[in-house]
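Engineer: The structure is given below, and queries will be raised subsequently.
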Amino acid sequence: MRLYDTRAKAVVPIVPARIGALSIYACGPTVYRDAHVGNMRTFLLTDLIRRTAELSGLAVTVVQNITDVGHMADDTGLGDGGIDEGQGAGEDKVLKQAAVEGRAALDIAREYEARFHRDLSALNIYPATHYPRASESIDLMIELIGTLMGRDHAYVGGDGSVFFDARSFAGYGELSGNRLDDLRPGHRFDGEVDPAKRFHADWALWKRAQDTRTQLVWDTPWGVGFPGWHTECSAMSLSLLGSDIDVHTGGIDLRFPHHEDERAQSNCATGTDVVRHWVHGEHLLFEGRKMSKSAGNVVLVSDLVARGLDPLALRLAFLQHRYRQQMNLTWDGLAAANATLARWRDRVATWATEPSAPLPEAVGRVVSALEDDLDTPRAITALRALERDPDVPAGAKFEAFAYLDRVLGLDLVRDVGRPAVAEPFPDVVATLLADRAQARATKDWAGSDRLRDELAALGYPVVDTPDGQQVQR
Ligand code: AMP
Ligand code: ZN
254 MRLYDTRAKA VVPIVPARIG ALSIYACGPT VYRDAHVGNM RTFLLTDLIR
304 RTAELSGLAV TVVQNITDVG HMADDTGLGD GGIDEGQGAG EDKVLKQAAV
354 EGRAALDIAR EYEARFHRDL SALNIYPATH YPRASESIDL MIELIGTLMG
404 RDHAYVGGDG SVFFDARSFA GYGELSGNRL DDLRPGHRFD GEVDPAKRFH
454 ADWALWKRAQ DTRTQLVWDT PWGVGFPGWH TECSAMSLSL LGSDIDVHTG
504 GIDLRFPHHE DERAQSNCAT GTDVVRHWVH GEHLLFEGRK MSKSAGNVVL
554 VSDLVARGLD PLALRLAFLQ HRYRQQMNLT WDGLAAANAT LARWRDRVAT
604 WATEPSAPLP EAVGRVVSAL EDDLDTPRAI TALRALERDP DVPAGAKFEA
654 FAYLDRVLGL DLVRDVGRPA VAEPFPDVVA TLLADRAQAR ATKDWAGSDR
704 LRDELAALGY PVVDTPDGQQ VQR
C-alpha cells in the first residue's frame, strides 16, 4: 500500500517495521460531546488503511486513545503554557462540559466514550485493538516526563509546571513546516513570552493545578497537576506499540501543534524516529461551511438516522471522496448515497441467486485503487463500471461485491441467504396484539374475539397456535 506521508510530502510505499504486521496509532476523540460526522471521516481513514492492509494479509494492530483529560478549549498551541492557562480559553474541555451539565467529569467522559463506540459501530468502523484512556495512563506520562527531564529535554518552569524545551529537538517543524522562530507568543501574554517558560514555543508536558481545581488532578514528583494534551499520545503509543510505529493518523488540524509536539516528545524520549509515516485526513465541510457549534451546523450520526438515512450512506459518501481532499457533505449527497446503497444491496441479493463464478478482473482494479493512497473515488467508479458490465456474469458480480465489501464495509450482502427481516408492527397493531394476549391470559374470550376482529379489519388477521397468537402476514 502507498499513502501520502505528511513529513515526506509525497505518496510513499508503506513498509512495516515487522514482516506481516502493521501498527497504527490513531488520535482518538476528546470525550466531552458527541463526535460529529467530520470526526467520523477521520476515524474512517484509519479503518480504511486497516482494512486495505488486512485484505493484503497483514495483521493490523490499532491503538486509539480516549482523551478524557488534558485537552484544552484553546488548542491552537499559541499559548500552550502551564498554570496561567487554567482559566477561560485554556480550560479543560471535559471539565468545562462537566460544569455545564452539573455532573462529575469522568461521568461525562464515560458517557460520550460509549456514544463514540456506538457511532463507530453504526459506520462499520472496526474497533481498535486498544483504547487507552488518558486519565488511566498518568503513570506512563510521569515516566515519560521523567525520561525527558533526565535527557535534558524538559525543565520545571517558573510556575512549577514541566515544559518541553522545544529548541532541544533539532527535527522540530518537519511535520508542519513551522519554524521555531516564526512561532509567536500567545495572545494571552500580549505578545510576550509566558514568564513561566524559557522560550515561547516550549509547551507544558505537565501543568501545575490551581488550588481551585478538584477533579482530574494527580499528585506527581512535580506537585499536584494534570497532563498537557500532547503528553498522553506519546506515552500511550510508546507503551502499547513500542518505538517503531508504522502509521500515525489524525485530522489535518492535529498536524500542529499536537503531532509536531508529540513527535518531539517521542523521538527525544527514545532517541529514534518513532513514527514511520504520519497520515492526515482533510477536513469535512457541511453544506459548504466549516462545522461548528456557533454556526449551528454540527451534524451527528444520530441526525442521519433521525432523517431515515442508513448511517452507511455516510460511509459511502466519504468513500466517494479521497481522504486528503476537503470534502463538502450535503443532505442531497447523503440521499444519493443512500439510494446507491439500497440499489447495490438489491442487486447483490439478486446476483446471489445465480451460479457462483470466479472473481472478475475489475476486483484487481478496485484493490489497486485502494492501495494507491486510498483512491476510493476511483475504486467506486470501477465498482460502478462492474455493476453495469454486461460481459460479467451475475455470479461473478456477486463474488466481487461480497469480497470488496471487506474493505468497503457497506453491508452489501447483509440480506443474502437470510430470511427477509419483517417490518415491525405499527404501534396501534402492537397495542391490540398485547391487549388480546392479555385477554386470552385472563380467559376473556369475548374480549379476545372482539380484538381479533379489530385486528383483521386493520389487515392483520391472527390465528391461535400452541405458541400463542400469530399474525398472518
Ligand atoms: P477531537 O474529538 O476534537 O479531538 O477530534 C477527533 C478527530 O477528528 C481528530 O483527529 C480531528 O483532527 C478530527 N476532526 C475534527 N474536525 C474535523 C472535521 N471537520 N473533518 C474531519 N476531521 C475532523
Ligand atoms: Zn493524539
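Going by my numbering, the sequence shown opens with residue 254, and the numbers climb by one from there.
A virtual CB, placed ideally from N, CA and C, is assigned to each residue, including glycine.
Everything numeric in this text was worked out from a predicted model, so none of it was measured.
#1: On the DSSP bridge list, what partners appear for His383?
#2: Assign Gly341 to buried or exposed, taking buried as 16 or more other Cβ atoms, counted over all protein chains shown, within 10 Å of its Cβ.
#3: Throw me the rounded Cβ distance for the Phe416 and Ala423 pair, which I believe falls under 8 Å.
#4: Tell me, to the nearest whole angstrom, how far the beta carbon of His735 is from that of Asp499; I am working on the premise that it is less than 8 Å.
#5: For Leu359 and Gly481, I'd like the C-alpha separation in whole angstroms.
#6: Starting from Met254, follow its DSSP beta bridges and name the residues at the other end.
#7: I'd like the span of the beta strand (DSSP E) that includes Ala457, first residue to last.
#8: Tell me the rounded alpha-carbon separation between Asn377 and Leu663.
#9: Name the residue from Gln722, Lys696, Phe654 whose alpha carbon lies nearest to the alpha carbon of Leu686.
#10: Using the beta-carbon of each residue, find all residues closer than 5 Å to any heavy atom of the ligand ZN and list them in chain order.
#11: Which partner residues of Gln722 appear in the DSSP bridge assignment?
#12: Pairs of beta-carbons, one from the region 487-499 and one from the region 272-280, closer than 8 Å: are there three or more?
#13: Please give the ranges of any beta strand (DSSP E) in the region 278-323, keeping only runs that are unbroken, at least 3 residues long and fully inside the region.
#14: Looking at the secondary structure, which residues open and close the beta strand (DSSP E) in which Ala407 lies?
#15: Counting Cβ pairs closer than 8 Å, one from the region 299-309 and one from the region 506-522, do we hit at least three?
#16: Under 6 Å Cβ to Cβ from Gly426, same chain only, skipping five residues before and after it: list those, please.
#17: From Leu428 to His512, what does the alpha carbon distance come to, in whole angstroms?
#18: In this structure, how does DSSP classify Phe539 when only helix, strand and coil are distinguished?
#19: Terminal residues of the continuous alpha helix (DSSP H) containing Phe654?
#20: Grouping DSSP H, G and I as helix and E and B as strand, with all else coil, what is Arg631?
Structural biologist: In this structure, then:
#1: Val316
#2: Because Gly341 carries a pLDDT of 43, less than 50, the predicted location of this residue cannot be relied on, and no value is offered for it.
#3: Rounded, the Cβ-Cβ distance is 18 Å, inconsistent with contact.
#4: There is no way to answer for residue 735, as the model of the chain reaches only from 254 to 726.
#5: If you take the alpha carbons of Leu359 and Gly481, they lie about 18 Å apart.
#6: In the DSSP output, where bridge partners are listed per residue, Met254 has none listed.
#7: 456-461
#8: Approximately 8 Å, taken between the alpha carbons.
#9: In terms of Cα proximity to Leu686, the closest of Gln722, Lys696, Phe654 is Gln722.
#10: Taking each Cβ in turn, the ones that pass are Cys280, Cys486.
#11: Asp717
#12: yes
#13: 312-317
#14: 407-409
#15: no
#16: Arg432
#17: Distance between the alpha carbons of Leu428 and His512: 8 Å.
#18: In the three-state scheme derived from DSSP, where H, G and I count as helix and E and B as strand, Phe539 is classed as strand.
#19: 647-661
#20: The answer is helix: DSSP assigns Arg631 an H, G or I state.
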